[in-house]
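Visitor: Protein chains in written order, with UniProt numbering: chain H, 1 to 472; chain A, 1 to 473. We treat Cβ as the ideally placed atom computed from N, Cα and C, and that holds for glycine.
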Amino acid sequence: MARTQRQNNSAALSVPQNTFVLDNGAYTIKAGFAPNELLSDNESLKSCETIPNCLVRSKERKTYVAAQSNELSQWSEAVFRRPIENGQLVNWEAEKEIWDHAFFDQSTAHRNTFISTPSETTLLLTESSNVMPALQRNTDEVIMEEWGFRGYMRTTGSSLNAYNHLRALFDTAITPDAQPSSTKLPADCLLVVDSGYSCTTITPCFQGRPIQRAIRRLDFGGKHLTNYLKEIVSVRHFDLHQDMKIVNDLKEDISFVSIDFKRDLEQAWKGSRRSNKPVQIIPDAMDLGEDESAKDTRIDYVLPDGVNLTRGYARPYDPSREIANRRKLAAAQNIDEIVMTLGNERFVVPEIMFNPADIGSKQPGLADAVVQSLSKLPPLIQATMIANVLVVGGTAKIPGFVSRLQDELRTRIRTEWPVQVRRMDDPVTSTWLGGARLASSHQEVMQKMVVTREQYHEYGSAWLARQFASVR
Amino acid sequence: MPLIEELPVTAPVKASAGWAYVPDTAPLPSQAPSNRNDRKRAAASTIRHGVNTTAKREKAIERRLESLNKENYKDGVHVPIPPSNRERDKGRKVTSNVRRILGYQRNFAHYLADEEGRNPGATHYALPAVATGTMAPPEKMATMQKSTSKDLGRRKSGRGRDVTTDEGSAPHAPQPQSRGPKRRQSVKSRISISEVNSSPASAGTPVAQKTTTPQVKTEESQSEHPQSQDIFMMDAASIPEPTTVPKAQPDYPPAWDDDLLLRSSTYDIPPMPTDRVMQLLVSEPPLTYNAARATQLDKDKRPPPRHFCGICGYWGRVKCKKCGEFTCGTMECWKAHEDYWILNCLMLGYGATQMCSELKEQAELDTNTWRLGSAEGLQPTALWSSVPSRSANSILGIAYRIVEFSRGKLVTSSTASTTYSYKNVNASHYFRTARDYIHYETSSLQGGICDLSLLADSVVNAALGSSHNPHKT
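(1) Restricting to runs no shorter than 3 residues, where is the beta strand (DSSP E) found entirely within the segment 120-201 of chain H?
(2) Taking a cut of 9 Å between CB atoms, which residues from the segment 293-320 of chain A lie near chain H?
(3) If you count every other CB in all the chains shown that lies within 10 Å of the CB of residue 233 of chain H, and 16 or more means buried, which is it?
(4) For residue 227 of chain H, does the three-state DSSP call read helix, strand or coil?
(5) Considering only residues of the same chain and omitting the five flanking positions on each side of residue 184 of chain A, which have a CB-CB separation below 7 Å?
(6) To which residues of the same chain is residue 395 of chain H closer than 6 Å at the C-beta, ignoring the five residues directly before and after it?
(7) Could you tell me if residue 335 of chain A is buried or exposed, where buried requires 16 or more neighbouring beta carbons within 10 angstroms of its beta carbon?
(8) Look up residue 167 of chain A in the DSSP assignment and say whether it is helix, strand or coil.
(9) Taking 7 Å as the cut-off, decide whether the C-beta atoms of residue 216 of chain H and residue 372 of chain H are in contact.
(10) Here's a check: name, in chain order, each residue in its chain whose Cβ is nearer than 8 Å to the Cβ of residue 148 of chain H, leaving out the five neighbours to either side.
(11) Using the Cα positions of residue 104 of chain A and residue 319 of chain H, report the straight-line distance between them to the nearest angstrom.
(12) Might you give, ordered along the chain, the residues of its own chain that have their beta carbon closer than 7 Å to the beta carbon of residue 109 of chain H, omitting 5 neighbours on each side?
(13) With which residues is residue 54 of chain H paired in a DSSP beta bridge?
(14) In the DSSP assignment, the beta strand (DSSP E) including residue 315 of chain H goes from what residue to what residue?
(15) Can you tell which of H/359, H/304, H/150 has the C-alpha that lies nearest to the C-alpha of residue 304 of chain A?
(16) Go through its chain and collect everything with a Cβ distance to residue 317 of chain A's Cβ below 7 Å, but skip five positions before and after it.
(17) What residue range is occupied by the uninterrupted beta strand (DSSP E) comprising residue 20 of chain H?
(18) According to DSSP, is residue 125 of chain A helix, strand or coil?
(19) Quick one: what's got a C-beta closer than 6 Å to residue 208 of chain H's C-beta in the same chain, skipping five residues either side?
(20) Closer than 7 Å, CB to CB, is residue 326 of chain A near chain H or not?
(21) Pick out whichever of H/411, H/440, H/300 has its Cα sitting closest to the Cα of residue 314 of chain H.
(22) The beta strand (DSSP E) with residue 387 of chain H in it runs from where to where?
(23) When the Cα atoms are used, what is the spatial distance from residue 444 of chain H to residue 72 of chain A?
(24) For residue 222 of chain H, which beta-bridge partners are listed by DSSP?
(25) Based on Cα-Cα distance, which residue from H/144, H/88, H/107, H/363 lies nearest to residue 479 of chain H?
(26) For residue 412 of chain H, go through chain A and note every residue whose CB falls closer than 7 Å to its CB, in chain order.
(27) Classify residue 300 of chain H as helix, strand or coil using the three-state DSSP reduction.
(28) If you check the beta carbons only, do residue 164 of chain H and residue 433 of chain H fall under 7 Å apart?
(29) Find the residues of chain A that neighbour residue 154 of chain H, judging by a C-beta separation of less than 7 Å, and give them in chain order.
(30) Going straight from the alpha carbon of residue 252 of chain A to that of residue 98 of chain H, what length do you get?
(31) In whole angstroms, what is the alpha-carbon distance linking residue 169 of chain H and residue 94 of chain H?
(32) Let me confirm a value: residue 54 of chain A is counted as buried when at least 16 other C-beta atoms fall within 10 Å, else exposed. Which label applies?
(33) Output the distance between the C-alpha atoms of residue 310 of chain A and residue 326 of chain A, rounded to the nearest integer angstrom.
(34) Quick one: what's residue 315 of chain A bridged to in DSSP?
(35) Taking CB distances under 7 Å as the criterion, tell me whether residue 289 of chain H reaches chain A.
(36) Is residue 83 of chain A close to chain H, meaning its C-beta is less than 7 Å from at least one C-beta of that chain?
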């Protein structure tokens, strides 16, 4: 009886344009309808909207919900409320408000994300790994009872990446297709390093399903990098500890991961500037005779003041400007723009992802955590996984992140095994893209995993949790 | 401690009223004969060495890591939901269940504590059991060795909540007993998963072993005869194993995989784990939140800790004896650190005169050959004849200046480093400009030490975080 009902549902579900893919992240929500047929990545991404997943209260005590925060110009002393803490959805009161605003309210929702009839839409929701069952239950219940989606599927975000078009990334012999063929499977072995806002999770996925025993998590993410940068800048330049968003922008604009930390730190030393000595560059054996003039990593950053300038920007370092500024400031206190010169902060901050001992943390670095995760897998799977490492998430956008991770992994893995670490063009929407591809072209997997409203009302949330846990 | 020498004065000397730069020619205190006897010296040597013990350092690091995890700069700030847009909620009824969930005022720490209280020491999240009466849809049961009766018992107690929330499920009470043996049975009978076809012939023998530890799996995979084909996967889509999942044909004739040249003489490719092993791996239940965290490396594998200067960020070469913070060793950074330390002393309630006397003793005991100059080329004044002018820029000198100011004698001197202020000039600046702050602020203040300590209070509070208690040592 139930089986025929299921088949009926699956027949009804085979219309894919009503699958709404919702990548619920701690920093932003990536959401949109999955396209009907398999399009190229750029085309598919046009349906994806990125919405900040927070409520912001500005200094003037006005509250902005989700996408309304783009209207906020004065970010100083803004307070955030995020429903997702440490990667897990805790606060449904806030999340419901954000979702209502972004998806269900015609006046405020974007064209791409407005769901007019949830009763005819299937929801594909992502969550983080190792979510506590109580929270999963809350999520299931609120979604099924509040909005009444026709179908619902909850899965870990990392495993969705297996459905992406990855062959061009990892196999350099293949030129990237303009039109990916639809018979491509989920990638059989993929190690997803999801480096997001709250934490970094390493998930080995086999045939699109995560291998649970090998999932490892590092409690460092974009939030920690931003807070660290905030501390440093507040000590050395300006007091920014109330300006989280401004420091976030600053981090995104100026930071990079250095390949050779020691050399970059030497070059960024202020002492060399003072004593007019040329910076001692110890010629590296691997240097290949490149340009040996001191690569100045210093950069000037202009901070926003909410009135004339709403967002800070970076510009190349100008030594003459600094001296002129000093003289002007010594004379009178009229400051027209607030500039600071940043040198080693640019690469010291992301360094804590690879070396948390720099700030005293006991956690291992990212490369060591990957090795820990691999050690739980059978040897051949280890070899395959390490040749297919995909980095997703906002922190993956930092220049040099991927190559640094590849270098570090290379030193830790035996030489017979190739190491390849790649990222998609836009790491933030990569998971959403995987979900969209799953919805458009892999109907059989969807049918196995999607739960309908009738099934929920009949079997209950415990059955639902079981469904999602055992069939991924 | 490396020898620190005076740098040549390069900046132009500015003349101001009240004081002038005088070259420093007095003898060093360490060279001058000291009149203190050995008893006093021994007593003095126990002053404040190793203020920062390891436990303190640990706590400081913990506190710092906590502060890295903060979302907002103020704790306990509540952002209320804006009470707008009631129209869209008009047509919708909120069920009691949803209303209950929406009303939860718990945060992550509550849930984590709950879960740890319920299952202390658990490493996996066991799958929730379901009523058997309505179990018509094919169940894909995970064969877990952890699903012992103990788990079932625990789950039963936790399922009380399930009962209230399930809308259509049968009563659970009689089920757990029947599910126990059924579950164990299913382990033995190994319900086939529709995705993968039935395992090869070797399924029969190791089934009984399946319920034991995971080490068995690796043994099993190693005991499998090595596949004839070269199965080392570089390309994700070319697993040559029989599955019912339709896969793309490899781009080259499969016979090429057997080519002799591809066989490695030095390295044997590990065997491919069987389907069953892989299916087991992917159908395990998830780890708990705490179990999934990456663990600290073994002691011998850890890289040596790197320290950086707290002021400028370069390598931390010099460790302050008193507070354990690292500095890079340049005069600028060291002086800034000293300023911070003085403020810290003020914070701790030391009177300036008492501090000065202690510092004086410390300075005399110090065997470092410190010759002080500054990167900016300023030279202290000989205004205070009782103070060796060389040390006016040192701890001692600053302390004296504070004392002298409180007695109304000090006239401020400007330094080349300016004070930047982002929003307004308040006491939320730190370290390097701290000394300038004292000068800036005190030049307009009428008061003495008490105002300075308030200033120091706010500066150090802002530096260390609001949890810093000035009355603790």
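Guide: On the basis of the coordinates in this document:
(1) Qualifying beta strand (DSSP E) stretches, in chain order: 122-127, 151-156, 189-195.
(2) Of all residues in the segment 293-320 of chain A, 293, 294, 295, 296, 297, 301, 302, 303, 304, 305, 306, 307, 308, 310, 311, 312, 313, 314, 315 have a Cβ within less than 9 Å of some Cβ in chain H.
(3) As a first step, residue 233 of chain H must be located in the first sequence, where it is residue number 233. So residue 233 of chain H ends up on the buried side.
(4) One-based indexing of the first sequence puts residue 227 of chain H at position 227. In the structure shown, residue 227 of chain H falls within a helical segment according to DSSP collapsed to helix, strand and coil.
(5) As a working mapping, residue 184 of chain A is identified with position 184 in the second sequence. Note on residue 184 of chain A: pLDDT 42, under 50, position unreliable in the model; no value is reported.
(6) Counting from one through the first sequence, the residue named residue 395 of chain H turns up at place 395. The answer, listed in chain order, is 195, 222.
(7) The sequence position of residue 335 of chain A within the second sequence is 335, counting from 1. Counting Cβ neighbours within 10 Å, residue 335 of chain A comes out buried, since at least 16 surround it.
(8) For the purposes of this step, residue 167 of chain A is taken as residue 167 along the second sequence, with counting starting at 1. Any reading at residue 167 of chain A is ruled out, since the residue's pLDDT is 37, under 50, leaving its predicted position unreliable.
(9) Here residue 216 of chain H is taken as the residue at index 216 of the first sequence, counted from 1. Here residue 372 of chain H is taken as the residue at index 372 of the first sequence, counted from 1. Taking 7 Å as the cut-off, the beta carbon of residue 216 of chain H is found closer than this to the beta carbon of residue 372 of chain H.
(10) Position 148 of the first sequence, counting from 1, holds the residue named residue 148 of chain H. The beta carbon of residue 148 of chain H sits closer than 8 Å to those of 118, 119, 453, all from its chain and outside the five residues before and after it, given in chain order.
(11) Locating residue 104 of chain A in the second sequence gives position 104, counting from the first residue. Locating residue 319 of chain H in the first sequence gives position 319, counting from the first residue. If you take the alpha carbons of residue 104 of chain A and residue 319 of chain H, they lie about 55 Å apart.
(12) For the purposes of this step, residue 109 of chain H is taken as the residue at position 109 of the first sequence. Closer than 7 Å at the Cβ level, and outside the excluded window around residue 109 of chain H, lie 102, 103.
(13) Counting from one through the first sequence, the residue named residue 54 of chain H turns up at place 54. Looking at the DSSP assignment, residue 54 of chain H forms no beta bridge with any residue, so it has no partner.
(14) Residue 315 of chain H sits at position 315 when you count from the first residue of the first sequence. Looking at the DSSP string, the run of the beta strand (DSSP E) that includes residue 315 of chain H is 313-316.
(15) By 1-based counting over the second sequence, the position of residue 304 of chain A is 304. The option with the nearest alpha carbon to residue 304 of chain A is H/359.
(16) Taking the second sequence and counting its residues from 1, the one referred to as residue 317 of chain A is at position 317. Answer for residue 317 of chain A: 328, 329, listed in chain order.
(17) Stepping through the first sequence from its first residue, residue 20 of chain H is reached at position 20. It spans 19-24 - the beta strand (DSSP E) in which residue 20 of chain H sits, taken as one unbroken run.
(18) For the purposes of this step, residue 125 of chain A is taken as residue 125 along the second sequence, with counting starting at 1. Of the three classes helix, strand and coil, the one that applies to residue 125 of chain A here is coil, per DSSP.
(19) The sequence position of residue 208 of chain H within the first sequence is 208, counting from 1. Same-chain partners within the cutoff: 159, 162, 186.
(20) Mapped onto the second sequence, residue 326 of chain A falls at position 326. Under the Cβ distance rule, residue 326 of chain A does not count among the residues neighbouring chain H, no pair being separated by less than 7 Å.
(21) In the first sequence, counting from the first residue as 1, residue 314 of chain H sits at position 314. When only C-alpha atoms are compared, the closest one is H/300.
(22) Residue numbering aside, residue 387 of chain H sits at position 387 when the first sequence is read from its first letter. Here residue 387 of chain H belongs to no beta strand (DSSP E), and DSSP marks it neither H nor E.
(23) For the purposes of this step, residue 444 of chain H is taken as residue 444 along the first sequence, with counting starting at 1. For the purposes of this step, residue 72 of chain A is taken as residue 72 along the second sequence, with counting starting at 1. One C-alpha to the other measures close to 44 Å.
(24) As a position in the first sequence, residue 222 of chain H is number 222, starting the count at 1. For residue 222 of chain H, which the question treats as bridged, DSSP gives no partner whatsoever.
(25) In this structure chain H extends from 1 to 472, so residue 479 of chain H is not present and cannot be described.
(26) As a working note, residue 412 of chain H is residue 412 in the first sequence. The contacting residues do not exist; residue 412 of chain H stays about 10 Å from chain A at best.
(27) The residue labelled residue 300 of chain H in the question sits at position 300 within the first sequence. DSSP places residue 300 of chain H in strand when its eight states are reduced to three.
(28) Here residue 164 of chain H refers to the residue found at position 164 of the first sequence. Here residue 433 of chain H refers to the residue found at position 433 of the first sequence. Yes, the Cβ-Cβ distance between residue 164 of chain H and residue 433 of chain H is below 7 Å.
(29) The residue you call residue 154 of chain H lines up with position 154 of the first sequence. Chain-order list of chain A residues neighbouring residue 154 of chain H: empty, with the shortest C-beta distance near 13 Å, by a criterion of under 7 Å.
(30) By one-based count along the second sequence, residue 252 of chain A stands at place 252. By one-based count along the first sequence, residue 98 of chain H stands at place 98. One C-alpha to the other measures close to 51 Å.
(31) Working through the first sequence from its first residue, we reach residue 169 of chain H at position 169. Working through the first sequence from its first residue, we reach residue 94 of chain H at position 94. Answer to the nearest angstrom: the Cα atoms are 38 Å apart.
(32) The residue given as residue 54 of chain A occupies position 54 in the second sequence. It is exposed - the Cβ of residue 54 of chain A has fewer than 16 other Cβ atoms within 10 Å.
(33) As a first step, residue 310 of chain A is located in the second sequence; it is residue number 310 there, counting from the start. As a first step, residue 326 of chain A is located in the second sequence; it is residue number 326 there, counting from the start. Rounded to whole angstroms, residue 310 of chain A to residue 326 of chain A spans 6 Å at the Cα level.
(34) What you label residue 315 of chain A is simply residue 315 of the second sequence in a count that begins at 1. The secondary-structure analysis by DSSP pairs residue 315 of chain A across a beta bridge with A/308.
(35) On the first sequence, position 289 is the one that residue 289 of chain H refers to. Residue placement at residue 289 of chain H cannot be trusted, given a pLDDT of 43 that sits under 50; what the coordinates show is reported in the next sentence. With its beta carbon at least 7 Å from every one in chain A, residue 289 of chain H lies outside the interface.
(36) Within the second sequence, residue 83 of chain A is the residue found at index 83, counting from 1. So no, residue 83 of chain A is outside the interface.
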